[in-house]
Amino acid sequence: MDIKQAIARLVEGEDLTRAEMRGAMGQIMRGEAEEAQIGALLVALRIRGETVEEITGAVEVMRELATPVDIDLTHAVDIVGTGGDGANLFNVSSAASFVAAAAGARVAKHGNRSVSSSTGAADLLEQAGIYLPLSPEQVARCIETIGVGFMFAPSFHSAMRHAVGPRRALGLRTIFNVLGPLTNPAGVRRQVIGVYERRYCRILAEVLQNLGAEHVLVMHSDDGLDEASIAADTHAVELRGGELRELVLRPESFGIERRNLEGLGVSGAAESLALIRDALGKRETEAGEKAADMLALNAGLAIYVSGVAASAAEGVAMAQDAIASGLAGEKINDLAAFTSAFRPEDVKS
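For reference, each letter of the sequence shown is one residue, going 1 to 349 in the UniProt record's numbering.
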């Protein structure tokens, strides 16, 4: 089915099959669709709400066209959020990646620059001196040596360039907002994913169930975050062993005091990095203490999903130890130093 037929079906209120969505998305990714057609498809899907089969078909196409990163998938995990929650908190998932790596997980982090928040993963990492335009082999070496590596989305999903114009012109959340977390170039089968709307918890878990994921947590907090929150209950759908179950994660269950999020909002990458340095260092401010709790909770879930910890509670305890020991903070400097060797001479400072 071509994109014109797909649009017509959606306008009539009909769902697309996985194969039909593959056809339409394939045209977009190969540059064969007009911008007006891309915009129409995205809006039609958004108005009706994307189905599990439609998202699955789109993910399959994006994965097939991505530049792959070959890594050992043992204990490999991604911690990622869709963004778009409007909270403008510091980069929780990016910072939690270093905590999880310090506790023994292998983090294959996939992300981009800021689109819907004050600072994206790439913005933060560049602020920390980490070189981003890495080859697949260089990313794999980072993960193997440091325990964490970053895949800059535009470098690994070049076909996405065909949808940039229509997405920017629309200025709306579309199916592409949820595709990024589902299309990790390293092919990780273990993920912690935060979503900007609770309804996506089960939808994305079912998509990953379709695609053979091993262990996944998809979550959204009652205070609207695409992370696990220390200020509210967090609703999650867990996929493990092919089965789905719904969970409610409460900070008190992990020995973490329920506290408000005041002081955790940031205006940009520099402010985000400063707060993360405090959280992973001496925690000299109240905001730094809260940020450390946020990181322990979210990294702990990733440590559990990676298989390094037997339970979420054990994962959180391991994350707290990694923060208290200073190892988590050192991981940021380790990755910056390691990637500096890959920086071309003409762009070295």
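C-beta atoms are modelled at their ideal positions from N, C-alpha and C, and glycine is treated no differently.
From a predicted model like this one, the values you see are computed outputs, not experimental measurements.
Judged by pairs of C-beta atoms under 8 Å, the region 120-127 touches the region 266-276, as three or more such pairs exist. If the five residues before and after glutamate 238 are omitted, its C-beta is found closer than 6 Å to the C-beta atoms of Leu217, Arg245, Leu247, all from its own chain and listed in chain order. Taking glycine 57 as reference, the option from Ala87, Val107, Arg22 with the minimal CA-CA separation is Arg22. Excluding five sequence positions before and after alanine 312, the CB atoms of its chain that fall closer than 8 Å to its own CB belong to Leu249, Phe254, Gly300, Leu301, Tyr304, given in chain order. With contacts defined by Cβ atoms closer than 9 Å, histidine 110 and glycine 212 do not form a contacting pair. For methionine 29 and alanine 100, the gap between their C-alpha atoms comes out near 33 Å. DSSP, read as helix, strand or coil, puts methionine 21 in helix. In this structure, DSSP gives arginine 46 a helical state, which the three-state scheme calls helix. Lysine 282 places its beta carbon 9 Å or farther from that of glycine 263.
Per DSSP, the unbroken beta strand (DSSP E) holding methionine 219 starts and ends at 215-221. CA-to-CA, the gap between glutamate 197 and glycine 84 works out to about 9 Å. By the neighbour-count definition (other C-beta atoms within 10 Å, threshold 16), glutamine 191 is a buried residue. In the DSSP assignment, methionine 151 falls outside any alpha helix (DSSP H) and within the unbroken beta strand (DSSP E) covering 148-152. Around the CB of threonine 145, fewer than 16 other CB atoms lie within 10 Å, so the residue is classed as exposed.
The residue from Arg141, Leu182, Arg113 with its alpha-carbon nearest to that of phenylalanine 152 is Arg113.
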